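Report on one structure; see the data block that follows.
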């Protein structure tokens, strides 16, 4: 009889061991499902943020396009031509009046389909960053809630200072480089 009691105990222990293994496998499967679900959610959230950012950029391009004045005619006194070279090598060109604000240059470059969403405009020679980016542009494009500080301590490279082309020293034709920020 001892054999049968021992046999019974062995069976109980074996069943307990099987149940523990099944429970462990179930827990591992559950953990893997949670991890996969979390990873899928993160991917979906990331894709959503990208979609929202692209929509904001598209909306911003349409808005900035409306800020551009009509291009002045060639030969009009005080008119200069800007040749901008984008990071992909594409060249874009537009005429501006020298009394227009430098932000017009930013709007023109930003509205091109091949323009990066964040960039600086740099003159070719002497090399200088053109302060043409409107102060709230980064916040609008990135979707940040914080204002961009324009104080000297918090200076952002390329931020608009209210200058015109003439005040910045661009009165003739100029080649500028668009550098992705």
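Residue numbers (the numbering used here): 19 to 199.
By construction, the Cβ of each residue, glycine as well, lies at the ideal position given by its N, Cα and C atoms.
Predicted model only: the values in this text are computed from it and were never measured.
| query | result |
| --- | --- |
| Residue 86 to residue 64 span [Cα, whole Å] | 33 Å |
| Host beta strand (DSSP E) of residue 221 (start-end) | No statement about residue 221 is possible, as the shown extent of the chain runs from 19 to 199 and does not include it. |
| Extent of the continuous alpha helix (DSSP H) to which residue 98 belongs | Per DSSP, residue 98 belongs to no alpha helix (DSSP H); it is in the beta strand (DSSP E), 97-103. |
| Touching by the beta-carbon criterion (3+ pairs, under 8 Å), the segment 68-88 and the segment 110-127 | yes |
| Nearest-angstrom Cα separation, counted from residue 73 out to residue 90 | 31 Å |
| Contact under 7 Å by Cβ, residue 131 with residue 196 | no |
| Pairwise C-alpha distance: residue 110 and residue 60 | 38 Å |
| C-alpha gap between residue 173 and residue 148, whole angstroms | Bear in mind that the predicted position of residue 173 carries a pLDDT of just 41, short of 50, making it unreliable; the figure below should be weighed with that in mind. Rounded to whole angstroms, residue 173 to residue 148 spans 14 Å at the Cα level. |
| Short Cβ contact (7 Å threshold) for residue 141 with residue 194 | yes |
| Sequence-distant residues of its chain with Cβ nearer than 8 Å to residue 191 (five each side left out) | 98, 99, 100, 101 |
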